[in-house]
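Following: one structure in structure tokens, then a few remarks.
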Amino acid sequence: MSITRGNPSSFKNVRAGVYNHYVRVDHPKSMIFVSGQLSRDGYGAQVGVGSMLEQTRQCLRNLELNLKAAGAEMSDVVWTTVYTVDMRELQEIVAAREELDNGDCLPTSTMVEVNHLSEPGLLVEIQAIAVLS
482 MSITRGNPSS FKNVRAGVYN HYVRVDHPKS MIFVSGQLSR DGYGAQVGVG
532 SMLEQTRQCL RNLELNLKAA GAEMSDVVWT TVYTVDMREL QEIVAAREEL
582 DNGDCLPTST MVEVNHLSEP GLLVEIQAIA VLS
């Protein structure tokens, strides 16, 4: 399997530390689809109530736990979709994502503002697709 990540030379990626404009995957052995991860601890309790930064961090921790359980890691992620109830807090989401040490293994990403998530108080949800060789 080979993975090529990048950005067209004619595009300026304004969040180059968070995502790439494209990821090409040739001949993956396995694909892992991770459902939307919310800001919950192992007991199902909300984490970071009222804080977009803390909720995003928890979503990313949960994403990492799911990837590990499936035999993958964050550097294997090629696609993310981020749902938020408040796009005005974009910088908090970006800050949490920039804390990850993904090196040059950044996924593609789409962020969407929604009216609500599955429960009051939840501010962000992250789903992902990963590939393994």
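Numbering (our numbering), first residue to last: 482 to 614. C-beta: ideal position from N, C-alpha, C; glycine also.
Cβ-Cβ distances below 7 Å link MET555 to GLU545, LEU548, LEU581 and ASN583 in the same chain, with the five nearest sequence neighbours on each side left out; the list follows chain order. The beta carbon of CYS540 is closer than 7 Å to those of GLN518, LEU519, SER520, VAL605, GLU606 and ILE607 in its chain, skipping five residues each way along the sequence. Residue nearest to GLY487 within the set TYR503, VAL499 and GLU579 is TYR503 (criterion: CA-CA distance). Of all alpha-carbon atoms in PHE492, ILE484, ALA497 and LYS493, the one lying nearest the alpha-carbon of ALA576 is that of ALA497.
Separation of LYS510 and SER614 (C-alpha to C-alpha, rounded to the nearest whole angstrom) is 5 Å.
Annotation for ARG505: no alpha helix (DSSP H) segment contains it, though the beta strand (DSSP E) segment containing it runs 503-507.
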